[in-house]
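**Q** Read left to right, the sequence shown gives residues 85 to 549 (my numbering).
First, the structure itself, so that you have it in front of you.
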Amino acid sequence: MAKVGTDAGQRRVVYVCQACGYESPKWLGRCPNCDGWNTLVEETLAPASRSGGARARPAASGRAAAATPITEVALGDEPRVPVEIGEVDRVLGGGLVPGSLVLLGGDPGVGKSTLALALAHRIAGTRTVLYVSGEESARQTKMRAARLGVDAPRLLVLAETDLAQMIAQIDAQQPALVVVDSIQTMYRSDLPGAPGSVGQIRECTGDLLRVAKTEGGPAILIVGHVTKDGAIAGPRVLEHMVDTVLYFEGERHHAYRVLRATKNRFGSTNEIGVFAMSGGGLVPVPDPSALFLAERPADASGSAVVCAVEGTRSILLEVQALVARTPFGMPRRTASGVDYNRVLLLLAVLEKRAGLHLGACDVYVSVAGGVRVDEPAVDLGIACAVASSHRDRPVEAQTAVVGEVGLGGEVRAVSQIERRVAEAAKLGFRRVVVPRANLAGLNEGFGIDLVGVQRIGEALDLLLA
Numbered sequence: 085m086a087k088v089g090t091d092a093g094q095r096r097v098v099y100v101c102q103a104c105g106y107e108s109p110k111w112l113g114r115c116p117n118c119d120g121w122n123t124l125v126e127e128t129l130a131p132a133s134r135s136g137g138a139r140a141r142p143a144a145s146g147r148a149a150a151a152t153p154i155t156e157v158a159l160g161d162e163p164r165v166p167v168e169i170g171e172v173d174r175v176l177g178g179g180l181v182p183g184s185l186v187l188l189g190g191d192p193g194v195g196k197s198t199l200a201l202a203l204a205h206r207i208a209g210t211r212t213v214l215y216v217s218g219e220e221s222a223r224q225t226k227m228r229a230a231r232l233g234v235d236a237p238r239l240l241v242l243a244e245t246d247l248a249q250m251i252a253q254i255d256a257q258q259p260a261l262v263v264v265d266s267i268q269t270m271y272r273s274d275l276p277g278a279p280g281s282v283g284q285i286r287e288c289t290g291d292l293l294r295v296a297k298t299e300g301g302p303a304i305l306i307v308g309h310v311t312k313d314g315a316i317a318g319p320r321v322l323e324h325m326v327d328t329v330l331y332f333e334g335e336r337h338h339a340y341r342v343l344r345a346t347k348n349r350f351g352s353t354n355e356i357g358v359f360a361m362s363g364g365g366l367v368p369v370p371d372p373s374a375l376f377l378a379e380r381p382a383d384a385s386g387s388a389v390v391c392a393v394e395g396t397r398s399i400l401l402e403v404q405a406l407v408a409r410t411p412f413g414m415p416r417r418t419a420s421g422v423d424y425n426r427v428l429l430l431l432a433v434l435e436k437r438a439g440l441h442l443g444a445c446d447v448y449v450s451v452a453g454g455v456r457v458d459e460p461a462v463d464l465g466i467a468c469a470v471a472s473s474h475r476d477r478p479v480e481a482q483t484a485v486v487g488e489v490g491l492g493g494e495v496r497a498v499s500q501i502e503r504r505v506a507e508a509a510k511l512g513f514r515r516v517v518v519p520r521a522n523l524a525g526l527n528e529g530f531g532i533d534l535v536g537v538q539r540i541g542e543a544l545d546l547l548l549a
């Protein structure tokens with residue numbers, strides 16, 4: 085093993101956790117900071133300077149930075165570059181901000197490169213865009229662009245993994261947007277370690293951040309791979325360095341994809357964008373509720389329609405459940421699209437408060453369309469779908485369900501109830517079951533029957549009568 089030291093001219097070897105960035109002088113099987121197993125990788129630091137410290141400090145620029153009172157800081161409107169893809173502009177808060185650094189992550193095959201190329205094509209209609217591909221040759225990128233109908237003359241393609249060469253092209257072309265696909269393939273020749281290592285990812289992202297933040301710098305979109313746990317590969321500091329973190333979600337075998345922002349310095353993190361994957365690429369879905377409910381079976385037990393809110397958008401979704409007697413001693417519970425632990429909690433409430441005997445039954449819960457929803461307002465819909473399958477009685481097809489279920493079996497009020505009811509009325513639903521506490525804040529102008537419930541048993545008796 086390489087010698088560990090701190091003398092001048094001597095390289096120092098440390099082991100850095102890929103999950104949290106913890107540094108250790110020796111390899112450990114388990115990170116003591118985040119408790120992750122086999123997450124420490126070897127990284128060789130630059131030679132120590134004689135002034136002290138193993139890491140070389142950047143030289144001073146020659147001019148002192150002056151502190152400014154916050155009351156004297158000029159505040160102007162951030163100019164945005166509209167992407168002209170409605171679902172992307174919605175998530176970004178109106179478009180890309182010049183000089184911003186955006187990180188796009190997602191599972192392999194979900195469509196990250198397809199989305200990045202479509203975004204570059206739209207902006208290249210009026211501005212210069214540099215698409216840097218570290219995973220494909222320029223010919224391969226052209227083949228994919230031809231399949232997607234991308235032919236903007238201002239879209240420049242560069243097949244390069246050397247960061248210095250890429251920055252030289254940025255300085256020469258002065259693009260409005262730079263797409264880096266992917267950050268795990270980029271490397272700095274003056275740093276040890278292979279591309280994709282912790283040190284390379286951190287330093288390459290830092291250099292791109294400095295390029296973006298220079299006066300008149302371009303917006304930079306970097307594509308990042310994710311680990312098997314769903315987190316973006318590389319040091320956790322990567323998400324702290326960028327301005328916006330976007331996750332492209334969806335099962336690769338499903339047609340629908342969801343673009344979600346988990347961090348956004350220039351807008352809300354509550355918005356989502358919905359896309360459908362087709363042979364010609366990604367197609368924005370402006371009305372996802374109608375799409376998700378298009379194939380809902382008629383008069384089938386174990387199905388309930390819920391209304392979820394993501395930012396300013398209300399979406400009607402179908403929750404499906406299947407309850408069957410288990411042939412084994414231990415019943416099985418499976419959840420797709422909803423939180424598994426939340427499903428277990430609701431099953432316990434149904435057993436204790438509603439008298440459903442589910443201890444000897446397998447229970448499977450899924451959100452149709454491959455969408456994931458986490459808000460508690462869908463609790464009542466999940467409970468109704470499970471009870472409907474258990475009793476083999478369908479929920480009325482033109483009824484939507486909204487409400488949070490507490491441990492005592494009470495149905496609690498939810499936020500933005502007007503927006504949820506309005507979405508159900510727009511799609512032709514005749515009745516919406518809501519928490520009784522929400523009825524006081526609703527008017528009768530929706531042209532729909534509003535029914536308030538207070539207990540889980542009351543809701544089941546109403547819906548499964």
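Note that the Cβ used here is the ideal one computed from N, Cα and C, for glycine as well.
Counting Cβ pairs, one atom from each stretch, are 3 or more of them under 8 Å apart for the stretch 522-538 and the stretch 416-433?
**A** Touching, no, given that fewer than three Cβ pairs across the two stretches are closer than 8 Å.
**Q** Using DSSP bridges, identify the partner residues of D446.
**A** In the sequence shown, the residue the question calls residue 446 occupies position 362. Its beta-bridge partners are A408.
**Q** Output needed for T346: all residues of its chain with C-beta closer than 7 Å, excluding positions within five of it in sequence on either side, in chain order.
**A** As a working mapping, residue 346 is identified with position 262 in the sequence shown. So the list reads V329, Y331 and T353, once near-sequence residues are dropped.
**Q** Measuring CB to CB, does A467 end up less than 8 Å from L366?
**A** Counting from 1 along the sequence shown, the entry for residue 467 is found at position 383. Counting from 1 along the sequence shown, the entry for residue 366 is found at position 282. No, Cβ-Cβ distance for A467 and L366 is not below 8 Å.
**Q** Is it a yes or a no for the stretch 372-380 touching the stretch 444-463, going by three-plus beta-carbon pairs under 8 Å?
**A** With a cut-off of 8 Å, the stretch 444-463 and the stretch 372-380 count as touching, because enough Cβ pairs lie within range.
**Q** For A143 and G218, I'd like the C-alpha separation in whole angstroms.
**A** Within the sequence shown, the letter at position 59 stands for residue 143. Within the sequence shown, the letter at position 134 stands for residue 218. Residue placement at A143 cannot be trusted, given a pLDDT of 44 that sits under 50; what the coordinates show is reported in the next sentence. Each residue's alpha carbon lies about 31 Å from the other.
**Q** Closer than 6 Å by C-beta to R238: which residues in its own chain qualify, once you throw out the five before and the five after it? Chain order, please.
**A** For the purposes of this step, residue 238 is taken as the residue at position 154 of the sequence shown. Counting only Cβ-Cβ distances below 6 Å, and skipping sequence neighbours, we find A208 and T212.
**Q** From the DSSP output, in three-state form, read off I356 for me.
**A** Reading the sequence shown from its first residue, position 272 is the one you call residue 356. Strand at I356.
**Q** Out of curiosity, what's the CA-to-CA distance linking G280 and P116?
**A** Mapped onto the sequence shown, residue 280 falls at position 196. Mapped onto the sequence shown, residue 116 falls at position 32. Distance between the alpha carbons of G280 and P116 is about 23 Å.
**Q** Measuring alpha carbon to alpha carbon, tell me which of E287, R164 and V389 ends up nearest L511.
**A** To locate residue 511, count along the sequence shown from 1; it is residue 427. Nearest C-alpha to L511: V389.
**Q** Starting from K436, follow its DSSP beta bridges and name the residues at the other end.
**A** One-based indexing of the sequence shown puts residue 436 at position 352. Paired residues: none, contrary to the question.
**Q** For F332, report the span of its beta strand (DSSP E) as first-last.
**A** In the sequence shown, the residue the question calls residue 332 occupies position 248. Taken as a continuous stretch (DSSP letters only), the beta strand (DSSP E) holding F332 covers T328 to E333.
**Q** Kindly identify the DSSP beta-bridge partner or partners of P519.
**A** Working through the sequence shown from its first residue, we reach residue 519 at position 435. Answer is V537, bridged to P519.
**Q** Using a Cβ-Cβ cutoff of less than 7 Å, which residues in the same chain neighbour C104 once the five nearest sequence positions on both sides are dropped?
**A** Against the sequence shown, residue 104 aligns to sequence position 20. Correct list, in chain order: C115, N117, C118 and R320.
**Q** Just mark G154 as buried or exposed, buried being the case when its beta carbon has 16 or more other beta carbons within 10 Å.
**A** Residue 154 sits at position 70 when you count from the first residue of the sequence shown. As written in the sequence, residue 154 is Ile, which differs from the Gly given in the question. Exposed is the call here.
**Q** First and last residue of the beta strand (DSSP E) that includes S420?
**A** Within the sequence shown, the letter at position 336 stands for residue 420. Note, S420: beta strand (DSSP E), R417 to S420.
**Q** Mind checking I532: buried by the 16 CB within 10 Å criterion, or exposed?
**A** As a working note, residue 532 is residue 448 in the sequence shown. I532 comes out buried.
**Q** Tell me, to the nearest whole angstrom, how far the beta carbon of V495 is from that of V455; I am working on the premise that it is less than 8 Å.
**A** Indexing the sequence shown from 1 puts residue 495 at position 411. Indexing the sequence shown from 1 puts residue 455 at position 371. At roughly 23 Å, the Cβ-Cβ gap does not stay under 8 Å, so V495 and V455 are not in contact.
**Q** In its own chain, which residues sit with a C-beta less than 7 Å from the C-beta of G177, not counting the 5 before and 5 after it?
**A** Taking the sequence shown and counting its residues from 1, the one referred to as residue 177 is at position 93. The answer, listed in chain order, is N348, F350, G351 and S352.
**Q** Taking the C-alpha atoms as reference points, what is the distance between P460 and V535?
**A** Your numbering for residue 460 matches position 376 in the sequence shown. Your numbering for residue 535 matches position 451 in the sequence shown. Going by the C-alpha atoms only, they are around 19 Å apart.
**Q** If I follow the unbroken beta strand (DSSP E) through P368, where does it start and stop?
**A** In the sequence shown, the residue the question calls residue 368 occupies position 284. Counting along the chain, the beta strand (DSSP E) containing P368 begins and ends at G365 to P368.
**Q** Does the Cβ of G146 have 16 or more other Cβ atoms within 10 Å, making it buried, or fewer, making it exposed?
**A** Locating residue 146 in the sequence shown gives position 62, where the first residue counts as 1. Caution applies to G146, whose pLDDT of 49 falls short of 50 and renders its modelled position unreliable; the value that the coordinates give is listed next. Flag for G146 reads exposed.
**Q** In terms of DSSP beta bridges, what is Y424 paired with?
**A** Here residue 424 is taken as the residue at index 340 of the sequence shown, counted from 1. Its beta-bridge partners do not exist; DSSP assigns none.
**Q** Compare the Cα-Cα distances from R341 to each of E323, V326, I316 and P370 and report the closest residue.
**A** In the sequence shown, the residue the question calls residue 341 occupies position 257. For R341, the nearest C-alpha among the options comes from P370.
**Q** Considering C101, what are the terminal residues of the alpha helix (DSSP H) in which it resides?
**A** Indexing the sequence shown from 1 puts residue 101 at position 17. Not the alpha helix (DSSP H): C101 falls in the beta strand (DSSP E), residues R96 to C101.
**Q** Where does Q249 land, buried or exposed, given buried means 16+ other C-beta within 10 angstroms?
**A** Against the sequence shown, residue 249 aligns to sequence position 165. Classification for Q249: exposed.
**Q** Between which two residues does the alpha helix (DSSP H) harbouring T346 extend?
**A** On the sequence shown, residue 346 is found 262 positions in, with the first residue counted as 1. That residue, T346, is in no alpha helix (DSSP H); its beta strand (DSSP E) goes Y340 to N348.
**Q** Roughly how many angstroms separate the alpha carbons of L546 and S472, rounded to a whole number?
**A** What you label residue 546 is simply residue 462 of the sequence shown in a count that begins at 1. What you label residue 472 is simply residue 388 of the sequence shown in a count that begins at 1. Roughly 12 Å separates the two Cα atoms.
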